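Step one of this worksheet: look at the structure below.
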Amino acid sequence: MIGPVDSNCAKALCRSHREVQLSATADELRIFYNLAMDRVHYFPRRNALYFVDSVYRSVPAIIRSVLSGTGTPPAVEQLYLDDKHYFKAGKRIKLPPRQANAVLVALRLEGIQVSISE
Numbered sequence: 179m180i181g182p183v184d185s186n187c188a189k190a191l192c193r194s195h196r197e198v199q200l201s202a203t204a205d206e207l208r209i210f211y212n213l214a215m216d217r218v219h220y221f222p223r224r225n226a227l228y229f230v231d232s233v234y235r236s237v238p239a240i241i242r243s244v245l246s247g248t249g250t251p252p253a254v255e256q257l258y259l260d261d262k263h264y265f266k267a268g269k270r271i272k273l274p275p276r277q278a279n280a281v282l283v284a285l286r287l288e289g290i291q292v293s294i295s296e
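Position in the sequence shown (from 1) plus 178 gives the number in the numbering used here.
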């Protein structure tokens with residue numbers, strides 16, 4: 179098991195940004211490869227937001243805060259790299275376009291980079 183990321187390493191990771199442009203045909207493995215603690219990816223055709231959770235940036239807390247008024251708690255799915263669920267990959271939440279717009283704005287306001295498949 180990989181241990182926790184130290185705070186200096188986390189800050190350095192958040193300072194290194196690369197341009198991400200994922201096509202509409204990108205599979206989940208390619209999406210996971212491009213996630214970071216300060217980067218999420220929205221896939222409009224699937225109504226899915228992909229992210230990793232971190233003690234330094236709590237994406238689920240931001241999502242819950244935005245969607246708290248809807249009366250429906252967000253259903254966050256843990257995704258895995260393997261069939262036996264040994265290796266956690268990222269997380270996914272299904273968001274219809276209207277909810278996604280509000281969530282994506284809130285994430286950007288919190289300093290999270292948002293990439294969107296074309």
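C-beta atoms are modelled at their ideal positions from N, C-alpha and C, and glycine is treated no differently. Treat the numbers as computed from the prediction; the structure is a model and nothing was measured.
What first and last residue would you give for the alpha helix (DSSP H) that runs through residue i?
i	result
A239	V237 to L245
Among the options, which residue has its Cα nearest to the Cα of residue i?
i	options	result
A253	L259, K272 and S236	K272
D214	L245, Y228 and G247	Contrary to the premise, residue 214 reads as Ala rather than Asp in this sequence. Of the candidates L245, Y228 and G247, the one whose C-alpha sits nearest the C-alpha of A214 is Y228.
A280	E255, Q256, R242 and D260	R242
D231	T250, P275 and I240	I240
L282	D205, P238 and V233	P238
R223	V292, P275, N212 and S293	P275
Mind checking whether residue i and residue j have CB atoms under 8 Å apart?
i	j	result
Y258	K269	no
Which of the three DSSP states is assigned to residue i in this structure?
i	result
Y211	helix
L273	coil
E255	strand
A278	helix
V233	coil
A317	This structure leaves residue 317 out entirely; the chain is present only between 179 and 296.
Y264	coil
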